[in-house]
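Working notes, beginning with the structure itself.
Have a look at this one:
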């Protein structure tokens, strides 16, 4: 049952209709949350026994009740075997039932709803919107990168009835996926951060990716706002799709002349950046609590989206100072090669969450502008970019150009695809190559010197995040090791 005094997200009886379920056992007074994972389930949650690619949630229903679940949603085939555990909502298809609850949540909310997609920057843009909107009202936003066929309905089902704002991240690997998801979200504002050569194994070209991203405009409510990046090569295609949608307004952002929100100047500091922009005719100078011109550009989309749901632009700009990049997306940490010696610090830039050609170039630019000591070097540790199709080898080798342009001193590479990049570099830049990410750890540990700046990036499947964790384990942060 829900924890005493906790606010209920859904009433027990009120769940039956949106789930299209029959109750087996006595329904609880209500549920305080929605979960599909017993590891993060909280007391009083409703547990959905989703069947995934690697696990069947029905195998974890007992564990869910042991952790305090108020009830569970299961399919007909498992109901009799599980009915002794607690209240069950029995349905034909568990995922479809969660989608039904998601639609009910969208139907009842009075929140200003924003949906964000893009090849690059959608998660950081979503988090920046959480920061900005959260400063002025109760804001619900997608957790982590829960942006797929189960993540979006899960986040919608968790939407509190009294939220003032709601922000949802929408992802895709194939055409048609965004259309299905945005049909549930039905946003007032739809943002496309960027279009880049990502998932090319599933798409013919970048234009096909743009058409898939443009599906987000099809879900806009009548009179909604479409926000798109004026700098991308596929802007005309996106603009046409937006104007053919239910959008009453199409707004643009970027560095290009004519953008409704135009970046005029970008001045990186140690951990933040000063941004000068013209937004809807008003010139603004503000701080973004993260580094990288791509963040500055996307902050303009944030300001346009916030304005579109009624937030004062200057208040929104002021709130961006409190933004911090999500884990694996540019977070910076100083580590010590020698725990007892303050002068042995180096800078770790964690970009390990994911990678594609556009985000990889942005991260290399970020490393190129990173502050280093007079004797320090800029070092990149790069893993394979996945799902790029037959052009993948060429796209990897092409990264040699921005690495040299940014005067990166050493490059360490992991994976078979990055081998081509590594071989394309001048010998003086070659720090080391390994088949797997973790095999770079001893090479880097030997090569790193005080004052260096190290940036780590690669696709999720390349497991560069494991390299980051290993480096953090080996080299403690200064706060954990007082100066001798």
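In this note's numbering, the protein residues as written are 21 to 504.
For each residue, glycine too, the CB sits at the ideal point set by N, CA and C.
Here the structure is a predicted model, which is why all the values come from computation and not from measurement.
Between residue 426 and residue 124, what straight-line distance do the alpha-carbon atoms span, to the nearest angstrom?
One C-alpha to the other measures close to 50 Å.
With H, G and I counted as helix, E and B as strand and the rest as coil, what does DSSP make of residue 354?
Shown here, residue 354 sits in a strand according to DSSP, grouped into three states.
State buried or exposed for residue 117, treating a residue as buried only when at least 16 other CB atoms are found within 10 Å of its CB.
Here residue 117 is buried, its C-beta having at least 16 other C-beta atoms within 10 Å.
Ignoring anything shorter than 3 residues or poking outside the segment 285-336, list the beta strand (DSSP E) runs there in chain order.
You should have 293-299, 302-308.
Below 8 Å CB to CB, which residues in the same chain sit around residue 384 once its five sequence neighbours on both sides are set aside?
Same-chain partners within the cutoff: 400, 419, 422, 423, 426, 428, 475.
So for residue 76, helix, strand or coil by DSSP?
Strand.
Would you list the residues sitting across from residue 477 in a DSSP beta bridge?
Beta-bridge pairing links residue 477 to 371, 402.
If you compare alpha carbons, which of 308, 373, 359 is closest to residue 479?
For residue 479, the closest of 308, 373, 359 by C-alpha to C-alpha distance is 373.
Nearest-angstrom Cα distance between residue 491 and residue 396?
Inter-residue distance for residue 491 and residue 396 is about 18 Å (C-alpha atoms, whole angstroms).
Beta-bridge pairing of residue 249 - partner residues as DSSP gives them
According to the DSSP secondary-structure assignment, residue 249 is paired through a beta bridge with 273.
Nearest neighbour of residue 460, chosen from 298, 71, 286, 438 [CA to CA]:
Per the Cα distances, 438.
Specify the secondary structure class of residue 160 as computed by DSSP and reduced to three states.
The three-state secondary structure of residue 160, taken from DSSP, is strand.
Nearest CA to the CA of residue 45: which residue from 318, 110, 121, 131?
Nearest neighbour of residue 45 by Cα position, chosen from 318, 110, 121, 131, turns out to be 110.
By the DSSP assignment, the alpha helix (DSSP H) with residue 55 in it spans what residues?
Where residue 55 is concerned, there is no enclosing alpha helix (DSSP H), although the beta strand (DSSP E) it sits in stretches over 53-55.
Would you list, in sequence order, the uninterrupted beta strand (DSSP E) runs of no fewer than 3 residues that lie entirely inside the segment 423-496?
You should have 430-434, 450-454, 473-477.
Please name the residue in 291, 99, 32, 193 whose C-alpha comes closest to that of residue 112.
Cα-wise, what sits closest to residue 112 is 99.
Going by the CB atoms, is the gap between residue 417 and residue 440 shorter than 8 Å?
The answer is yes: Cβ separation under 8 Å.
Inter-residue spacing [alpha-carbon to alpha-carbon] between residue 236 and residue 189:
Cα to Cα, residue 236 sits roughly 11 Å from residue 189.
Proximal residues to residue 115 (C-beta, below 7 Å), its chain only, five neighbours per side dropped:
Around residue 115: 70, 170.
Out of curiosity, what's the CA-to-CA distance linking residue 455 and residue 344?
Residue 455 and residue 344 have their alpha carbons spaced roughly 33 Å apart.
Going by CA-CA distance only, name the one from 386, 330, 79, 481 that's closest to residue 292.
Taking residue 292 as reference, the option from 386, 330, 79, 481 with the minimal CA-CA separation is 386.
Simplified DSSP state of residue 145, which is helix, strand or coil
Three-state result, residue 145: helix.
If you draw a straight line from the alpha carbon of residue 321 to that of residue 58, how long is it in whole angstroms?
Separation of residue 321 and residue 58 (C-alpha to C-alpha, rounded to the nearest whole angstrom) is 36 Å.
Which residues in the same chain as residue 377 place their Cβ atom closer than 6 Å to its Cβ, once the five residues preceding and following it in sequence are excluded?
Cβ within range, chain order: 217, 415.
For residue 68, the residue or residues it bridges with in DSSP:
Bridge pairing for residue 68: 93 [DSSP].
According to DSSP, is residue 419 part of a helix, a strand, or is it coil?
Here residue 419 sits in coil by DSSP.
Inter-stretch contact (C-beta, 8 Å, three-pair minimum) for the segment 317-333 and the segment 267-283
Because the criterion of three Cβ pairs below 8 Å is met, the segment 317-333 and the segment 267-283 touch.
Given that a residue counts as buried once 16 or more other Cβ atoms are within 10 Å of its Cβ, and exposed if not, what is residue 361?
Counting of Cβ neighbours within 10 angstroms places residue 361 among the exposed residues, the total staying below 16.
Indicate whether residue 369 and residue 352 have their beta-carbon atoms separated by less than 8 Å.
Yes, the Cβ-Cβ distance between residue 369 and residue 352 is below 8 Å.
Between the Cα of residue 298 and the Cα atoms of 282, 308, 394, 342, which residue gives the shortest distance?
For the set 282, 308, 394, 342, the Cα lying nearest the Cα of residue 298 is the one of 282.
Indicate the three-state DSSP secondary structure (helix, strand or coil) for residue 62 in the structure shown.
Note: residue 62 maps to coil in three-state DSSP.
Given a cut-off of 8 Å on the beta-carbon distance, is the pair residue 178 and residue 161 in contact?
At a Cβ-Cβ threshold of 8 Å, residue 178 and residue 161 do not count as neighbours.
Applying the criterion that 16 or more other CB atoms from any shown protein chain within 10 Å of the CB defines a buried residue, is residue 469 buried or exposed?
Its Cβ having fewer than 16 others within 10 Å, residue 469 is exposed.
For residue 510 and residue 83, what's the separation of their Cα atoms in angstroms?
Outside the shown range of the chain (21 to 504) lies residue 510, about which nothing can therefore be said.
Would you kindly work out how many angstroms separate the C-alpha atoms of residue 285 and residue 313, rounded to a whole number?
For residue 285 and residue 313, the distance between alpha carbons rounds to 10 Å.
Do you know offhand how far residue 500's Cα is from residue 493's?
Note that residue 500 scores 46 on pLDDT, short of 50, meaning its location in the model is unreliable; the coordinates nonetheless yield the value given after this. Cα-Cα distance, rounded: 12 Å.
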